[in-house]
Amino acid sequence: MATAHSRAAARLMISPAVLLLLGWMIVPLSMTVYFSFLSYNLLMPGMEEFIGFTNYEFFLTDPAFFAALANTLLLVGGVLVITIVGGTLLALLLDQPFWGQGIVRILVIAPFFVMPTVSALVWKNMFMNPVNGLFAYFAKALGLQPFDFLAHAPLASIIVIVAWQWLPFATLILLTALQSLDQEQLEASEMDGANFLNRFVYIVLPHMSRAITVVILIQTIFLLSVFAEILVTTNGGPGTSSTNITYLVYAQSLLQFDVGGGSAGGIVAVILANIVAVFLMRMIGKNLEA
Amino acid sequence: MSRRVSNRRKALVTVIAWAIGIAIFFPILWTVLTSFKTEAEAIASPPSFVFFDWTLENYTEVNERSDYFLHFMNSVIISLGSTLLGLAIAIPAAWSMAFVPAKRTKDVLMWMLSTKMLPPVGVLIPIYLLFRDFGLLDTRTGLVIVLTLINLPIIVWMLFTYFKEIPGEILEAARMDGAGLWEEVIHVLTPMAVPGIASTLLLNVILAWNEAFWTLNLTAAKAAPLTAFIASYSSPEGLFYAKLSAASTLAIAPILVLGWFSQKQLVRGLTFGAVK
Amino acid sequence: MTKFARVLLGATALTLAVSPALAEKLTIATVNNGDMIRMQKLTDAFTAKNPDIELEWVTLEENVLRQRVTTDIATKGGQYDIMTIGTYEAPIWAKQGWLVELDDMGADYDVDDLLPAIRGGLTVEGKLYAAPFYGESSMVMYRKDLMEKAGLEMPDAPTWDFIKQAAAAMTDKNAEVYGICLRGKAGWGENMAFLSAMANSYGAKWFDMDWKPQFDGEAWKATLTDYLDLMTNYGPPGASNNGFNENLSLFQTGKCGMWIDATVAASFVTNPKDSTVADKVGFALAPDKGLGKRGNWLWAWNLAIPAGSQKTEAAKKFVAWATSKEYLDLVAEKEGWANVPPGTRTSLYENPKYQEAAPFAKMTLESINAADPQHPTVDDVPYVGVQFVAIPEFQGIGTAVGQAFSAALAGSVSAENALANAQAITERTMKKAGYIK
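Protein chains in written order, with numbering that gives the first Met the number 0: chain C, 0 to 289; chain L, 0 to 275; chain W, 0 to 436.
Here you go:
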């Protein structure tokens, strides 16, 4: 069906997007690779010299590195679990008929529109603050000691904040998938005496697997580089307990102005992200025939 | 099945759904309420929900301190500009991927998505240097370029999943009639894909509006959007909850309202081909 | 590459909105502290006199500001015409030739009126490179009413032992009154500013004369143990996230008995508009340990002009105005003498009206004069700076060490481990930078 002519045209049409992204990837990336072999501190210009793999050695042996790696995985995994489980439950609920469906949907979708910086600021100050926050007030009202979320459970707190932002996204996609489910099939199985759990496991869940894969893919892309939420709430601390790879690279290159070390970290992060990407693509590829 | 639901069950679901909906929305509601309180009331214990002296003083103060309109306009221009530019580049690409699939089409798509996984902090210094050399620092043009590139993969993918759903026979028919390539795209494909394009546009405006790394690092005063505006309220001296709330409300209100009004449109598009 | 950029430029030309430049626009990067925000509101007085100069503000939180201006000046980005920088950056940047020398500031500027301790920190080889907007040291601020209730009296120059005794006596957790509030938020300009200054009074230091880190010594151990002891027993919850601003609001809402922090806070805590305890605050010098050094630092926020700027003349005009005596008079007239930016000019402290309006004036001046950046510690050290070490690597080390100590305050690691981490982090960086082999 596709003629040589249309193939050539197709290639022409796709090339701007491909070339631009290629440029966007290659130009800064090659500069970063170059910098990563230099001893290059922004505050000491003119002192750059080639130092081989020293920057990589220092980044990889940094005790913070493994903590950051673990935190990154926990953050991505934690948010995914919360949003997918929560999103599925919410979608099942919103799929039921009830009064005011439209308004409730508007309420649920709202966090998705909130800037990450704003949501982090609001959660940190007005809810999780152990002295003036709303949670502290409720704890005190119940006669409990206010819990200091950001000091004692920093990563969990950040996971909650990020999950709050992404829950609407997951819910909406899963809800759309749910609504496209063949009602007759469900009713037939109901007649056959299948209970709710059975119907959910054998009919609903398989139908939604594609949607769940999409949620995982898109959210992972954004969650790997969560940054603003950490910067605003905990600055990666206390210690390194809420530092992820992105934040570690930030600390290296923009707090210490060690461009060489930061670039090495950036390259390490790119490699790690690509490992995750390959893994994801494999998984998605099966589920998402193009 | 849905028609046979008893009123009692419906009432129960209504209560639960509303409770959860309000709980999820509560942080936003609380921020908006706090923005109308005085600083002292904002941290008062017990907190008051509605019965306080409503005041606009925080909004006056925020407006005195920063040029909200300038930041707002920058946000509008940058998010709309980058989305439109992105669409202009992505529509042909997605079209050709969907209708003239080659062996590599899927790999190209996946590769595009993987460029989104590059941690931006790792390449900030190189980009900063490039921007300096091209005189793009603190310009809306610069930000439009960066945000276009950042969101391009998502745009391409979203469009691709729609275009795939359009039956190829219609195009064949148009081709029989002797329509050229561009006519085919403009007169046949585009009208059919408008819902998809609209929701892609909406989603990308939202993503670009909320992007807080590049917008903050590549701007100073002239091109700074609302993400930079909110950064100056992050931890000022003394009591600041009410002012922070007012600034937050101002920063998120436009996109929230847009999102709500175009909710149906957006939801229809938020499937990424997840639904057959 | 050029072609690539040109394509991009062409493609986005539609979004270009060029505004005609009538007046000369100065872009000023500044920190979102109270005094700076007040200045923004008062600049009409300046623009009225200089109709050809327009001002654009970039107001950011301290850490973000520092990152932004440093990136910009180091890459010669040229986004700002005036930058707000600290005492730490000024000498390092001036040595790099990144700043415009501030000579010829006008006839009535009276550069000799600047406080010598502050001016010294901004001068390199006899030339001034940044103009101080406000200067500060640190001191003890305390609640007179609570002190009285506890049956104690604060001496003008307390010891750390007394502070501990007083903190214990003032703490009443049921009433949400915490004996002492100190910085705990990680950052070289946050908790490390306080802890380095405290350590100085304990006889500790960052480096010995061979640049060997000293966190494995007894003096640092004593410092950190006492700090943790104070904060865990008598400090507010969430202290590991509290910086200057958080503590300020705690103190203003009556939740702290004592607070050892920047002297500029004095005017905020005594301002009845923002502070519920305005009339109950007393002041004392930062504590000591009887070793000859007090735990107070020296800092100033200054205005400087990057060397690349094409608007140097206009920028100088503004810097001169914002740091002049005239500006002090203007603030006094509009907002009262107590709100004048402190710590920069001798004449201010000799002004009877200021002395009367600002009960903290004497203590502020004494604190500033007591700090000595050239000889900050009990023993000799190879570096300059009271609560910082004026080398480019310090920001990174200071922040990482601050993280370690803030983890200790949050209780996730012990004091010993925090110190061992600090030592390891510092050694690593100093080795990488080539100070030690």
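Ideal Cβ placement from N, Cα and C applies to all residues, glycine included.
{"query": "By the 10 Å Cβ neighbour count, where 16 or more other Cβ atoms means buried, how is Tyr201(C) classified, buried or exposed?", "result": "exposed"}
{"query": "Can you tell me the Cα-Cα spacing of Lys163(W) and Gly132(C), whole angstroms?", "result": "28 Å"}
{"query": "Determine the closest residue to Phe243(W) out of Ala44(W), Phe206(W), Asn31(W), with distance taken between C-alpha atoms.", "result": "Asn31(W)"}
{"query": "Considering only the alpha carbon of each residue, which of Leu11(L), Ile76(L), His70(L), Val61(L) lies closest to Asn203(L)?", "result": "Ile76(L)"}
{"query": "Give a yes or no on whether the minimum CB-CB distance between Lys221(L) and chain W is below 8 Å.", "result": "yes"}
{"query": "Strictly by DSSP, which residues pair up with Ser38(C)?", "result": "Glu48(C)"}
{"query": "Could you say if the region 58-65 of chain L and the region 124-134 of chain L meet the contact criterion of at least three C-beta pairs nearer than 8 Å?", "result": "no"}
{"query": "Counting contacts by CB-CB distance shorter than 8 Å, is Ala155(C) in contact with chain L?", "result": "no"}
{"query": "Hey, out of Phe126(C), Val17(C), Pro237(C), Thr53(C), whose CA is closest to Gly183(W)'s CA?", "result": "Pro237(C)"}
{"query": "Residues in its own chain within less than 8 Å of Ala20(W) by CB, not counting five upstream and five downstream?", "result": "Confidence is the limiting factor: at Ala20(W) the pLDDT is only 46, short of 50, which leaves the residue's position unreliable and the question unanswerable from this model."}
{"query": "May I ask which residues mark the beginning and end of the alpha helix (DSSP H) holding Phe282(W)?", "result": "From DSSP, Phe282(W) is part of no alpha helix (DSSP H) but of the beta strand (DSSP E) over 280-284."}
{"query": "Can you name, in chain order, every residue of its own chain whose Cβ lies under 7 Å from the Cβ of Ile291(C), other than the five neighbours on each side?", "result": "Because chain C here runs from 0 to 289, residue 291(C) falls outside it and cannot be looked at."}
{"query": "Could you please give the first and the last residue of the uninterrupted beta strand (DSSP E) stretch that includes Thr58(W)?", "result": "52-59"}
{"query": "Could you check the C-alpha separation between Thr224(W) and Gly188(W) for me, to the nearest Å?", "result": "21 Å"}
{"query": "Chain L partners of Gln78(W), CB-CB under 7 Å?", "result": "Leu136, Asp137, Ala219"}
{"query": "Among Ile105(C), Leu279(C), Gly51(C), which has the Cα closest to the Cα of Ile220(C)?", "result": "Leu279(C)"}
{"query": "Output the distance between the C-alpha atoms of Pro119(L) and Gly192(C), rounded to the nearest integer angstrom.", "result": "53 Å"}
{"query": "Leaving out the 5 sequence neighbours to the left and right, which residues in its chain are closer than 7 Å to Leu329(W) when beta-carbon positions are compared?", "result": "Leu41, Ala44"}
{"query": "Apart from the five residues on each side of it in sequence, which residues of its chain come closer than 6 Å, Cβ to Cβ, to Ala245(L)?", "result": "Ser34, Asn57, Tyr58, Val61"}
{"query": "Would you mind giving the Cβ-Cβ distance between Ile27(W) and Tyr79(W), rounded to the nearest angstrom? I have them listed as a contact below 8 Å.", "result": "7 Å"}
{"query": "So which residues of chain C does Gln66(W) contact, with C-beta pairs closer than 8 Å?", "result": "Leu253, Leu254"}
{"query": "Taking a contact to mean a Cβ-Cβ separation below 8 Å, would you say Thr226(L) touches Met125(C) in this structure?", "result": "no"}
{"query": "Measure from the C-beta of Pro205(C) to each C-beta in chain L and report whether the shortest distance is under 8 Å.", "result": "no"}
{"query": "So, helix, strand or coil for Ala423(W), using DSSP?", "result": "helix"}
{"query": "What did DSSP end up calling Ile84(W) once you bin it into helix, strand or coil?", "result": "strand"}
{"query": "Give me whichever residues DSSP pairs with Asn301(W) in a beta bridge.", "result": "Ile84(W), Pro131(W)"}
{"query": "Which same chain residues, not among the five before or five after Val248(C), have their C-beta less than 7 Å away from its C-beta?", "result": "Gly261, Gly264, Gly265, Ala268"}
{"query": "How about Ser241(C): is its C-beta nearer than 8 Å to some C-beta of chain L?", "result": "no"}
{"query": "Which of helix, strand or coil does DSSP assign to Ser137(W)?", "result": "strand"}
{"query": "Cβ of Thr86(W) less than 8 Å from any chain C Cβ?", "result": "no"}
{"query": "From Thr122(W) to Ala129(W), what does the alpha carbon distance come to, in whole angstroms?", "result": "8 Å"}
{"query": "In terms of alpha-carbon separation, which member of Arg67(W), Lys430(W), Trp296(W) lies closest to Ile396(W)?", "result": "Lys430(W)"}
{"query": "Just the chain W side, please: which residues come within less than 9 Å of Ile233(L) by C-beta, in chain order?", "result": "The sequence shown places Ser at residue 233(L), rather than the Ile named in the question. The answer, in chain order, is Asn31, Leu59, Glu60, Val63."}
{"query": "If Tyr232(L) and Ala41(L) are in contact, beta carbons under 8 Å, what's the gap, nearest whole angstrom?", "result": "No, Tyr232(L) and Ala41(L) are not in contact; Cβ-Cβ is about 13 Å, not under 8 Å."}
{"query": "Does Lys94(W) come out as helix, strand or coil in the three-state DSSP assignment?", "result": "helix"}
{"query": "When you compare the CB of Val258(C) with every CB in chain L, is at least one pair closer than 8 Å?", "result": "yes"}
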